[in-house]
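Presented below is the structure to which this report refers.
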C-alpha cells in the first residue's frame, strides 16, 4: 500500500485549554474519512512521547466519534498553572501547535481529504529518527 507522511495539521485542527496544572488539547478531523487513521496513530502513548519534555504525569485520551474528534488531557504540564508558572505561555495555548506537527502516515487514497500544501514533509528535521 502506498502511503504519505504529513503533519497532523493537514488532517485535523486543534485547540488548547487549561485548568490549573492540566492542559487539554482537542484534535478534530478535517474529514470523517480520516478519523480511523487519527484514532490509530494519535494515541496516548504518541502524545506522551511528544510531550515528554513537559513531563506529564498522565495523558488521557477521550474519543468523541460523533464529531470525529478527540480530547487529550495532560496532567502536570503547565509548571503549576497560570498563577504559579513563570513561563511566557502559562495557559499552554501553544501546545496544540506542537501536537499538530505530529507525523501522520496515511494511505495515499486519503490524500484528497488533506488540507494545505502537498509539499514534501520532513518531520522534526533537526532530530534523528
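Numbering (our numbering), first residue to last: 28 to 156.
Cβ atoms here follow ideal geometry from the backbone N, Cα and C, with glycine treated the same way.
Is residue i helix, strand or coil when you go by DSSP?
{"i": "residue 93", "result": "helix"}
{"i": "residue 99", "result": "strand"}
{"i": "residue 58", "result": "coil"}
{"i": "residue 87", "result": "strand"}
{"i": "residue 125", "result": "helix"}
{"i": "residue 77", "result": "helix"}
{"i": "residue 70", "result": "coil"}
{"i": "residue 137", "result": "helix"}
{"i": "residue 105", "result": "coil"}
Using the rule of at least 16 other Cβ atoms within 10 Å of the residue's Cβ for burial, across every protein chain shown, is residue i buried or exposed?
{"i": "residue 84", "result": "exposed"}
{"i": "residue 41", "result": "buried"}
{"i": "residue 67", "result": "exposed"}
{"i": "residue 78", "result": "buried"}
{"i": "residue 86", "result": "buried"}
{"i": "residue 104", "result": "buried"}
Using CA coordinates, which residue listed in the options is at the minimum distance from residue i?
{"i": "residue 43", "options": "53, 134, 129, 104", "result": "53"}
{"i": "residue 94", "options": "58, 131, 47", "result": "58"}
{"i": "residue 98", "options": "126, 62, 90", "result": "90"}
{"i": "residue 139", "options": "55, 46, 60, 51", "result": "60"}
Among all the DSSP beta bridges, which residues are the ones paired with residue i?
{"i": "residue 51", "result": "44, 100"}
{"i": "residue 32", "result": "132"}
{"i": "residue 39", "result": "56"}
State the Cα-Cα distance for the pair residue i and residue j, rounded to the nearest angstrom.
{"i": "residue 35", "j": "residue 49", "result": "22 Å"}
{"i": "residue 141", "j": "residue 37", "result": "5 Å"}
{"i": "residue 133", "j": "residue 63", "result": "10 Å"}
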